[in-house]
Amino acid sequence: MAAAEKFMWCLLLILQFRSCTCLDKITTNQTFKEGNLLVSEGNYFAFGFFSPGKSTNRYLGIWFHKDPGKSVVWVANRNYPIIGSSGALSISQHGNLVLHSDPHQMVLIWSTNVTGAGSDVSVLQLLDTGNLVLLQGTSKRIVWQSFDYPTNTLLAGMRIGFSRKAGLQWNLTSWRSENDPGTGDYTIELDTRGSPQFVVYKGSRLYWRGTPWPWRKFSDIYNYTLVTNEDETYYFYSMFDDSFFLRSMIWDSGLIKVLRLHKSEDQWKEMWSAPEYRCDLYGKCGASSKCAPSNPDKFECSCLPGYAPKYPRDWQLRDASGGCVRKREDPSLLCGHGEGFVKVENVKLPDTSIAVWVDLKTSHMGCEQECKKNCSCSAYASIDVAGKGSGCLAWYGQLWDTVDHVYEPYDLYVRVDAVELAENARTSTAFHRKELKILILSIASAWFTLFLFAYLWLRRSRKGMKNKSENRVLDPVSGSINYNNTLMAWGNNHPPDITSFGLGMIVAATNNFSPSNKLGQGGFGAVYKGQLFNGQEVAVKRLSRNSVQGIEEFKNEVMLIAKLQHRNLVKLLGCCIEGGEQMLIYEYLPNKSLDSFLFDQTRRPELDWRKRFNIITGVARGILYLHQDSRLRVIHRDLKSSNILLDAEMNAKISDFGMARIFKTDQIQEKTNRVVGTYGYMSPEYAVFGKFSVKSDVFSFGVILLEIISGKKSNDFEQKEFFFCLIGHVWKLWREDKVLEIVDPTLEGSYPPHEVLRCIQIGLLCVQENAMDRPTMLEVALMLGSETTLPMPKQPAYVFRASSSNANSFEVGEERSSSVNEVTITTFVAR
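The structure is reproduced here in structure tokens:
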């Protein structure tokens, strides 16, 4: 680059860091320390000391120089931080890089530890590729390079794989956190068994697997190469378009991302990321199965042809971890007894670590014959290999991690016995016949419908429409006119996107509301588990005739939730309004509600701290969506542990919107004469004065948070101090600096005290007596997801306990109080 441009960059650095020296190289007689910066020739990369995130520890690393975010791509002393700012790097007399914690070289932090580097003058340079190289002085031979020791980032020219000759393993390993570049839990490596594939391990457990080689190219700006010989096997990519930078990263969460940056821009753009779906997690459905991520409402797991669930009952509960087994266990049926292969289209091929390349130049028919010869061959795939023709890949043993993928061009042929082969052929023939019948019926129906509409239009134009009855009502689902007096008139505001279910269908799905299908009972009525004719499991919420809630709450829930869509809100599938019945049909969540875990001595240990924290953040995200991010601003008004449902993966979903209210964008508070909700979760201004706002929901969230941490009910609390609620007891322990005593004993020794203490403080901030003092849900979400300093909570509501000397008097805070609140509430409904 031009010397003038480089001078300008150095000048900017000097202005920014006060004392900064830009270097082109480092030699044996130099010491590199704080304030020095080694910059590549094109000024694309910089090498120096830095502190990641909010950490004060110092590390030596490489980052993108022109990127405002200073994206770090390599760290020398990732597991050995320097405390303070006195680090010093130099080239030793033996030609090695050595990093000390102080300029006097008293404590060695890190070294390249290269043998045979030579004693002549060595030079350290940073190349425009981001590679830090140590050159032997006279020959300019590279004796060490940072590309051989990757951290969490892969750049163009870097390798993933291994070298037997050099004894090097090229893997990417995540940081521990954004503040700590130390070796984290996730490692991405190239598995070279069978057909090479990228895999991610979480510790020692296989976490994710990529598509096996030959890989498809996703962009025209780069090209990849797979090198394999006796000495080395590795992958690397190079750039077609040198106006771009490309980096692949594995984050501390296990997420893999490929990002690109145009050299004329200053913002990275995502090209690809994984894992994206639940099916992306390795072995989601167990052995000999297939995972289909396309339909989120349907169970994603199914068995491959010729296989059936190993544990059918677990599959009914949406747990397929046990995998599938052969329908007929006799292995002789698969060898020389009329067996064959069934095609499974468009899949990510199974784990290739147990696969073998039979031949890189064979036809599809030849591939089938080769697999059929070997009785242990369980499946094969015929694959086009660029420049080599059609290759044959065969699997021996169980088939793991097969995933439906519309973008994958591969077909898998699974070995089945003669019985399965005949059944598959019969099913396929019946399917094609059915398709033909459907086509014929569709054409006939279309013509019939056309003639019917023409007839009705002519009749209407001649006679006009007549109102036959004053008692007619509007079906809120279909919008049609009904004369059934059991339906309710909704006017013109019926929800357009809610499916109408017939009463007969729901009766059949719930086995006529069998007591064995009953999931629970609430203020609305009973909830039943059901299974529709298509196999989908649902939860049916049936309005009881003597329910404390009624038609208005039913209508309110349907109207509201039809317009709300969020991963932390329960999904409404439809409703049934027929024969005097009013029912809501929801997605079925197998783990039921949060309170069924928290307040059950046998199930509570299943909620470790990580699950509890995920539930807390999930509920916070759901409420934030209601308050701020949805099309409507919604106040739930009945948040409690029993209204937090849990899916199969223990993700939280907020339910029961019968009491919810919509606020205008600029509306702050509303008042009602009909206070509804549940004792122990209602904010004081709502319970006493009928005033509710977003801060009412914040209060309820704070109570739920404290319940999750303690495993105790807020409104059923008993202690020797006779506190009437959980809030009062937590506040007492907080003031005595003993608040961790409230933590659920089943979590003992398995939770991070600083994180739990932070959550308790957030809970106390949410239940402060004055609504104005409570944070918004946006602030709560930010506090849960960061390590910022939190404000000290003020005295919460309901801090009172029974006096031991007088059962009829109460102590409030530190003072006795005999005042009586005389506010009258017209109607009070508590559930």
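In mature numbering (1 follows the signal peptide of the UniProt record, and there is no 0), the protein residues as written are -22 to -1, 1 to 809. Virtual Cβ for every residue (Gly too), placed ideally from N, Cα, C.
Taken through DSSP and simplified to helix, strand or coil, Leu743 comes out as helix. Residue burial is scored here from C-beta neighbours: Arg752 has at least 16 other C-beta atoms within 10 angstroms and is therefore classed as buried. Judged by DSSP in its simplified three-state form, Cys257 adopts helix.
Looking at the DSSP output, Gly139 sits in a beta bridge with Trp148, Tyr212. When Cβ pairs closer than 8 Å are counted between the two stretches, the segment 598 to 609 is seen to touch the segment 674 to 692, the count reaching three or more.
As the crow flies, the alpha-carbon of Leu237 is around 11 Å from that of Ser49. The beta carbon of Leu760 sits closer than 7 Å to none of the beta carbons in its chain outside the five residues before and after it. Within the same chain, and ignoring the five residues on either side of Phe125 in sequence, the residues whose Cβ sits closer than 6 Å to its Cβ are Asn109, Met136. Rounded to the nearest angstrom, the gap between the Cα atoms of Gly284 and Gln147 is 40 Å. Check the Cα spacing between Gln739 and each of Glu726, Glu765, Thr724: the tightest is with Glu765.
Within the same chain, Asn130, Pro159, Gly162, Asp230 come within 6 Å of Trp153 by CB-CB distance, once the 5 residues on both sides are set aside. Within the segment 334 to 376, complete alpha helix (DSSP H) segments of at least 4 residues are found at 342 to 351, given in chain order.
Of the other Cβ atoms in all chains shown, fewer than 16 fall within 10 Å of the Cβ of Ile421; this residue is therefore exposed. In terms of Cβ geometry, His614 and Phe635 form a close pair [threshold 8 Å]. A straight-line Cα-Cα distance of about 50 Å links Ser226 and Ile484.
In this structure, Gln499 keeps its C-beta atom at 8 Å or more from the C-beta atom of Lys276. Below 8 Å, enough C-beta pairs join the segment 255 to 266 and the segment 366 to 381 to call them touching: three or more. Between Leu562 and Leu572 a beta carbon distance of about 20 Å is seen, past the 8 Å cut, so the two are scored as non-contacting. Going by beta carbons, Leu742 and Val708 fall inside the 8 Å limit. Here the segment 569 to 589 lies against the segment 719 to 737, with 3 or more beta-carbon pairs under 8 Å apart. Exclusion of the five residues before and after Asn352 leaves Ala372, Tyr374 as the residues of its chain whose Cβ lies within less than 8 Å of its Cβ.
With contact defined as three or more Cβ pairs closer than 8 Å, the segment 71 to 79 and the segment 99 to 119 are in contact.
Met660 has its alpha-carbon roughly 9 Å from the corresponding atom of Leu617.
Note: Ile613 is bridge-paired with Arg639 in the DSSP secondary-structure output.
Taking the CA atoms as reference points, Trp335 sits about 22 Å from Leu282. Cys744 and Ile687 do not touch by the CB rule: their CB atoms are close to 13 Å apart, not below 8 Å.
In the three-state DSSP reduction, Ser89 falls in the strand class (E or B). Nearest to Lys339 by C-alpha distance, out of Gly367, Arg56, Ile361, Ala357, is Gly367.
Nearest C-alpha to Leu295 among Pro568, Met628, Asn693, Phe10: Pro568. Taking every protein chain shown into account, the CB of His605 has 16 or more other CB atoms within 10 angstroms, so this residue is buried. Sorting Pro774, Lys268, Thr767 by C-alpha distance to the C-alpha of Cys703 places Pro774 at the top.
Inter-residue distance for Thr170 and Pro190 is about 10 Å (C-alpha atoms, whole angstroms).
Assignment of Val516 by DSSP, reduced to helix, strand and coil, places it in the strand class.
Burial state of Leu16 is buried, judged by a 10 Å Cβ sphere holding 16 or more other Cβ atoms. Trp712 sits buried, since 16 or more C-beta atoms from the chains shown fall within 10 Å of its C-beta.
Here Glu398 is near Lys305, since their CB atoms are less than 8 Å apart.
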